[in-house]
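**Student:** Next up is a structure, given as structure tokens.
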Amino acid sequence: MSYQYTVIGAGLAGASAARLLADKGNKVLVLEKLPHIGGSTYDFTDDSGVLIHKYGPHIFHTSDKEVYDFLVRFTDFNGYQHKVAAKIGEDYCAVPFNIESVSKVYGKEKAGEILSEAKKAGAFPTVSVLKLMQSDSPLLKELGEYVYNNIFLFYTMKQWGKSPAEIDPATTERVPVRFSEDDRYFSDTYQGLPVNGYTEMISKMLDSENITVKTGVNVDVKVIENKIYLSGTPLDGKLVYTGETDRLFGYCYGRLPYRTLDFEFETHNTDSYQPYATVNYTVSEKFTRITEFKKMTLQKINGVTTIMKEYSKEFTGKDGEIPYYPVISDESRRQYAEYKALSDKMPQLILAGRLADFRYYNMDAVVRRVMDVIAAETDGE
Numbered sequence: 058m059s060y061q062y063t064v065i066g067a068g069l070a071g072a073s074a075a076r077l078l079a080d081k082g083n084k085v086l087v088l089e090k091l092p093h094i095g096g097s098t099y100d101f102t103d104d105s106g107v108l109i110h111k112y113g114p115h116i117f118h119t120s121d122k123e124v125y126d127f128l129v130r131f132t133d134f135n136g137y138q139h140k141v142a143a144k145i146g147e148d149y150c151a152v153p154f155n156i157e158s159v160s161k162v163y164g165k166e167k168a169g170e171i172l173s174e175a176k177k178a179g180a181f182p183t184v185s186v187l188k189l190m191q192s193d194s195p196l197l198k199e200l201g202e203y204v205y206n207n208i209f210l211f212y213t214m215k216q217w218g219k220s221p222a223e224i225d226p227a228t229t230e231r232v233p234v235r236f237s238e239d240d241r242y243f244s245d246t247y248q249g250l251p252v253n254g255y256t257e258m259i260s261k262m263l264d265s266e267n268i269t270v271k272t273g274v275n276v277d278v279k280v281i282e283n284k285i286y287l288s289g290t291p292l293d294g295k296l297v298y299t300g301e302t303d304r305l306f307g308y309c310y311g312r313l314p315y316r317t318l319d320f321e322f323e324t325h326n327t328d329s330y331q332p333y334a335t336v337n338y339t340v341s342e343k344f345t346r347i348t349e350f351k352k353m354t355l356q357k358i359n360g361v362t363t364i365m366k367e368y369s370k371e372f373t374g375k376d377g378e379i380p381y382y383p384v385i386s387d388e389s390r391r392q393y394a395e396y397k398a399l400s401d402k403m404p405q406l407i408l409a410g411r412l413a414d415f416r417y418y419n420m421d422a423v424v425r426r427v428m429d430v431i432a433a434e435t436d437g438e
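Add 57 to a position in the sequence shown, counting from 1, and you land on the number used in this note's numbering.
Set out below in structure tokens:
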């Protein structure tokens, strides 16, 4: 069969691209090296009956109605509002740090004083920890330093393998403190997990007479003199590529830096393991966080629960390692720009997704990026 488009990767980016192209009447071939669809969003029911995420927790949230309307064609969302806590000693403090967290640390009276200072300083209702640390108010500066040292510092070093001084300053700028009682991690209009899981959502997305899916296919994609080859055969049609761009071009400008993850799953004979779906270990432990999946999937299963401990480490490209988080710096931006300049010379190639774009996208941003790219590609069809 002849295909107008070949898509590399059956994760959220690849599946979205395939469906959008198929809806325009294009014949699309999707190739996935993993033995399953879904990419890093892949989920399945474990032996205890708990729906777990194999490659780490994924919580959908967006205020982009067009993105939401596209996804609800393939799933209903359960309405889960994500809440995260940091384990500090024996206590749990909401993340982002909010007024309840401030009261736990400083007591209600001092928390009231801090809230008054925040209002006077215009740091209300949300401000970054960096701005608090730079505040002229001793109270606000003290709070900023507490959050930085107890919520951000050690956690960041575990997550990225670098000191905060070595990390893109925008990372620190994104750490918020909320002077409100809102204990949700996200404040977007639409939130939740697919009722029957991401794998089913992706399956329905790929369920089109115009889409052919092949999993467990490790295709060798190469670029030779601006021509794309799949396992040595010149590509007929266009390629939507969602993998690492440096690999596509044979690492000619060197490897782009990523972080990868190791996971430990545990099943416990109890109704509940921890008070929040996700608990960040910001001042202790080698793992960064523990996720308890039932609290996100909203499954009603008594007497058993499954948790996952998450360890971050440098991505080296070894077999079995998966690149999860691009490490953004001035040098890696420059390096990626060289790869992007090569791709821009190739009208046969379309890049989209966290890896291909070397961007730290949330899930909705992945879909938005794909929608924009495919709309530009198919304009006029």
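We put the CB at the ideal spot given by N, CA and C, even for glycine.
Applying the criterion that 16 or more other CB atoms from any shown protein chain within 10 Å of the CB defines a buried residue, is LYS271 buried or exposed?
**Tutor:** Exposed, because fewer than 16 other Cβ atoms sit within 10 Å of the Cβ of LYS271.
**Student:** CB-CB under 6 Å to PRO314, same chain, minus the five flanking residues each way: which ones, in chain order?
**Tutor:** VAL384 and SER389
**Student:** Beta-carbon separation of THR299 and LEU128 under 8 Å?
**Tutor:** no
**Student:** At the level of alpha carbons, what is the spacing between LEU250 and ILE109?
**Tutor:** 12 Å
**Student:** Tell me the DSSP secondary structure of MET365 in three-state form.
**Tutor:** strand
**Student:** What is the residue span of the alpha helix (DSSP H) that TYR330 lies within?
**Tutor:** Where TYR330 is concerned, there is no enclosing alpha helix (DSSP H), given that its DSSP letter is neither H nor E.
**Student:** Quick one: is GLU323 buried, meaning 16 or more other Cβ sit within 10 Å of its Cβ, or exposed?
**Tutor:** exposed
**Student:** Where does LEU292 fall in DSSP's three states?
**Tutor:** coil
**Student:** In its own chain, which residues sit with a C-beta less than 8 Å from the C-beta of SER59, not counting the 5 before and 5 after it?
**Tutor:** LYS84, ASP293 and GLY294
**Student:** According to DSSP, is LEU108 part of a helix, a strand, or is it coil?
**Tutor:** strand
**Student:** I believe GLU89 touches VAL297 by the beta-carbon criterion, under 8 Å. Please report the beta-carbon distance rounded to the nearest angstrom.
**Tutor:** That pair is no contact at about 13 Å.
**Student:** Would SER120 be called buried (16 or more neighbouring beta carbons within 10 Å of its own) or exposed?
**Tutor:** exposed
**Student:** Under 8 Å between the Cβ atoms of PRO182 and PHE243?
**Tutor:** No.
**Student:** Report the three-state DSSP secondary structure of ALA67 (helix, strand or coil).
**Tutor:** DSSP places ALA67 in the coil class of the three-state scheme, outside both helix and strand.
**Student:** Under 8 Å Cβ to Cβ from HIS139, same chain only, skipping five residues before and after it: list those, please.
**Tutor:** ILE116, HIS118, ARG241, TYR242, PHE243, GLN248, ALA334, THR335 and MET353
**Student:** Determine the direct distance from the alpha carbon of ALA72 to that of ASP264, and round the result to whole angstroms.
**Tutor:** Each residue's Cα considered, the two are about 10 Å apart.
**Student:** Could you check the C-alpha separation between LEU234 and ASP429 for me, to the nearest Å?
**Tutor:** Here residue 234 is Val; the residue named in the question, Leu, does not match the sequence. One C-alpha to the other measures close to 32 Å.
**Student:** Over the uninterrupted alpha helix (DSSP H) stretch that includes VAL141, give me the two end residues.
**Tutor:** Per DSSP, VAL141 belongs to no alpha helix (DSSP H); it is in the beta strand (DSSP E), 141-145.
**Student:** Who are the Cβ neighbours of GLU202 in its own chain at under 7 Å, not counting the five residues just before and after it?
**Tutor:** MET190
**Student:** Hey, which unbroken runs of the alpha helix (DSSP H) at 4 residues or more fall wholly within the region 251-301?
**Tutor:** 255-262
**Student:** Check for me: the alpha helix (DSSP H) holding LEU196 runs from which residue to which?
**Tutor:** Here the alpha helix (DSSP H) through LEU196 covers 195-204.
**Student:** Measure the Cβ-Cβ separation of ALA178 and LEU200 and say whether it is below 8 Å.
**Tutor:** no
**Student:** Using 8 Å as the cut-off, can you tell me whether the region 273-288 makes contact with the region 144-158, which would need three or more C-beta pairs spanning the two stretches below that distance?
**Tutor:** no
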